[in-house]
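Asks: For the sequence shown, this note's numbering gives the first residue as 5, with consecutive numbering after it. A virtual CB, placed ideally from N, CA and C, is assigned to each residue, including glycine.
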Amino acid sequence: DHDYPYLSEGTVNMYSVYDINNNEGYVAIGSSKETSEMACNTIKEWWINEGEQKYPNAVSLLVLADSGGSNSSKHNIFKQDLCDLATDIGIEIRMAHYPPYTSKWNPIEHRLFPHITRSLSGLMIRSYEMVKYLVEKTVTETGLKVKAFIDDVIYETGRKIEKGFSGIKDVTHDDFLPNLNYVAKP
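#1: In angstroms with no decimal places, state the Cα-to-Cα distance between Gly104 and Asp179.
#2: Alpha carbons only, please: which of Gly126, Pro111 and Thr121 is nearest the one belonging to Val67?
#3: Provide the residue span of the alpha helix (DSSP H) that contains Thr46, from first to last.
#4: CB Thr91 to CB Ile120, shorter than 8 Å?
#5: Using the three-state DSSP reduction, which class does Asn61 fall into: helix, strand or coil?
#6: For a quick check, are the C-beta atoms of Ile33 and Val21 less than 8 Å apart?
#7: Compute the beta-carbon to beta-carbon distance between Ile93 and Trp51, rounded to the nearest angstrom, for a pair I have assumed lies under 8 Å.
And the structure:
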């Protein structure tokens with residue numbers, strides 16, 4: 005729907021995990037709105053299907069993310085969903101948000117997204133399966149591999165944080181840039 009919205013019958017939203025150590029991307033392809041719940045579900049799916057096997061002794065997961073959108077460092081609903089995720093996967097999640105206007109330094113922005121965009125450019129997308137197929141065909145000379153899954157969950161928009169969630173006991177902010185760097189513990 006991005007280029008020709010009058011021709012579209014739906015939308016595709018993608019969230020991605022990029023594993024810097026292995027030069028691998030993991031992409032959720034969804035029809036729902038982008039929400040903090042979708043962001044956390046993408047991390048969870050990656051952890052269950054990839055991360056847990058590759059990093060069996062991990063006690064902490066470092067996530068580099070932009071500061072805006074549904075995974076904003078300012079949104080308590082994201083922090084609540086992150087705490088739920090940490091509990092679900094059983095390890096702490098350390099968040100490091102890039103300050104506003106610096107996302108170009110986020111590795112996912114130049115090591116994964118442009119290559120996926122190249123794989124999808126110039127085509128009339130007809131189905132989620134087609135998007136998944138094309139995303140998984142994304143490779144580079146440096147060895148980038150991409151896996152994808154279709155996320156058919158319809159995420160609720162406008163959710164409010166649960167009563168009693170303050171983020172204070174569940175999220176520990178770092179001394180350095182505490183509004184951007186924090187840890188969600190199980």
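Replies: Quick answer:
#1: Note that residue 104 is Pro in the sequence shown, not Gly. Taking the straight line joining both Cα atoms gives about 19 Å.
#2: Minimum Cα distance to Val67 is reached at Pro111.
#3: For Thr46, the enclosing alpha helix (DSSP H) has its first and last residue at Ser40 to Trp50.
#4: At least 8 Å separates the beta-carbon of Thr91 from that of Ile120.
#5: It is coil, neither helix nor strand.
#6: Taking 8 Å as the cut-off, the beta carbon of Ile33 is found no closer than this to the beta carbon of Val21.
#7: Ile93 to Trp51, Cβ: 5 Å. Contact.
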